[in-house]
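For reference, the structure discussed in these notes is given below.
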Amino acid sequence: MKNLVPLFILFLTISLFLSCEEEAEVSEIIVGTKTLTLCKGDIATISYLIKPYRAENKSVKFTSKDSSIAEVSTTGIVTAKAEGKTQIIVETEDGNFSETVEIRVLHGSPAEDSIALLKLYEIMYYKNWDLTKSMDKWEGVILNPNRRVLYINYDDIYIVGQIDTSIGNLSFLKSLRIYCSGWWSNFEIPAEIGLLSELEELFLYYGFSGTIPKELGNLENLKYLHLVNNYFSGSIPKELGKLTNLHSLSLYENSLSGEIPKELENLKNLSNLNLRYNYLSGDIPQYLLQRFDAYSFCPQYGEGFNNLNCY
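And the structure:
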């Protein structure tokens, strides 16, 4: 009887092991990334994981909703074909579980990024780039693996001339901080900045003029928009109400006039708002007045708003 005990334990161990190793049906698919941002000609691979790991049938199908923007092979290799947005659907053969990968193909190229930086360099007050070296060796310039510009990491970029329209080629740029070299500068913002769809921070200080381009409303990833101590005139573009990821909006000390567009009520993520020292008038939208201190709106010389007393 004693000899049967080890045999029973061995049988039980083998049974448990075999039951653990039994192949199972697919229960889930997980993709490595939910979004891919590419430029025309780039190639990327969609990675994925099938659960459980012992699933018998791990076959998947890849489908592009718009192959004119991005093609995908049977093995998940994505080729960016043209500027635009589309989706790649990754679906399991067993159980028809699926995940979606957002594909964004941006304009521009490494060569066009280089041209844009050289145009910016021409008007920079402090010139620290060694142009005999490749772009990735220029001080403060950080590129992504496809040699597109992500950051220009200067604490202060001071300019002495008008920003060229080629700035719009920097479609992967995350942050742009530019200061005019003096109050007399009066440089305008090129509308092409509205093409920088990956931009998260835009800071323009001390001497910009003209009107605020409505194209800034296209910067869907923007979190910080500070246009401070400038000469901007005209009204606040209602298109800024499309910047739903915006955390901070400062238009402090300009010459803006007219009413605050009601579209700014769409900025649900806004935690900081500064419209002080302009010539705005009319009523402050109640939604904004409830969220922000009255001091955020105080105009020049106490004029302007009907439903605000700053003094």
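Numbering (numbering that gives the first Met the number 0), first residue to last: 0 to 310. Beta carbons: idealized from backbone N, C-alpha and C, even for Gly.
query: Within this structure, are the beta carbons of CYS38 and LEU105 separated by less than 8 Å?; result: yes
query: Identify, in the order they occur along the chain, each residue of the same chain with its Cβ nearer than 6 Å to the Cβ of THR34, setting aside the five sequence neighbours on each side.; result: GLU101
query: Which runs of the alpha helix (DSSP H) spanning at least 4 residues fall entirely within the stretch 92-126, listed in chain order?; result: 109-122
query: Quick check: the Cα distance between GLU138 and TYR223, rounded to an integer number of angstroms?; result: 24 Å
query: Cα-Cα, which of SER270, SER254, LYS267, ASN265 is closest to SER280?; result: SER254
query: Using the beta-carbon count (16 or more within 10 Å), is VAL159 buried or exposed?; result: exposed
query: Determine the burial state of TYR125: buried for a count of at least 16 other Cβ atoms within 10 Å of its Cβ, exposed for fewer.; result: exposed
query: If you pair each beta-carbon of the stretch 42-53 with each one of the stretch 107-117, do three or more pairs fall below 8 Å?; result: no
query: Going along the chain, which unbroken runs of the beta strand (DSSP E) with 3 or more residues stay wholly within the stretch 185-250?; result: 200-204, 223-227, 247-249
query: Can you tell which of ASP135, LYS241, SER247, PHE231 has the C-alpha that lies nearest to the C-alpha of TYR278?; result: PHE231
query: Out of PRO189, GLU199, CYS179, GLY31, state which residue places its alpha-carbon closest to the alpha-carbon of LEU172.; result: GLU199
query: Excluding the five sequence neighbours on either side, which residues of its own chain have a C-beta within less than 8 Å of the C-beta of GLU20, listed in chain order?; result: The predicted model places GLU20 with a pLDDT of 49, which falls under 50 and marks its position as unreliable; any figure quoted below should be read in that light. Closer than 8 Å at the Cβ level, and outside the excluded window around GLU20, lie ARG53.
query: Excluding the 5 residues preceding and the 5 following ARG103 in the sequence, name in chain order all residues of the same chain whose CB lies nearer than 6 Å to its CB.; result: THR36, LYS84
query: Which of helix, strand or coil does DSSP assign to GLY83?; result: strand
query: Determine the DSSP secondary structure at TYR294, reduced to helix, strand or coil.; result: helix
query: Based on Cα-Cα distance, which residue from ARG290, LYS60, LEU245, ALA115 lies nearest to LEU266?; result: LEU245
query: Report yes if the CB atom of TYR150 is closer than 8 Å to the CB atom of SER165, and no otherwise.; result: no
query: For GLU262, name the three-state secondary structure that DSSP assigns.; result: helix
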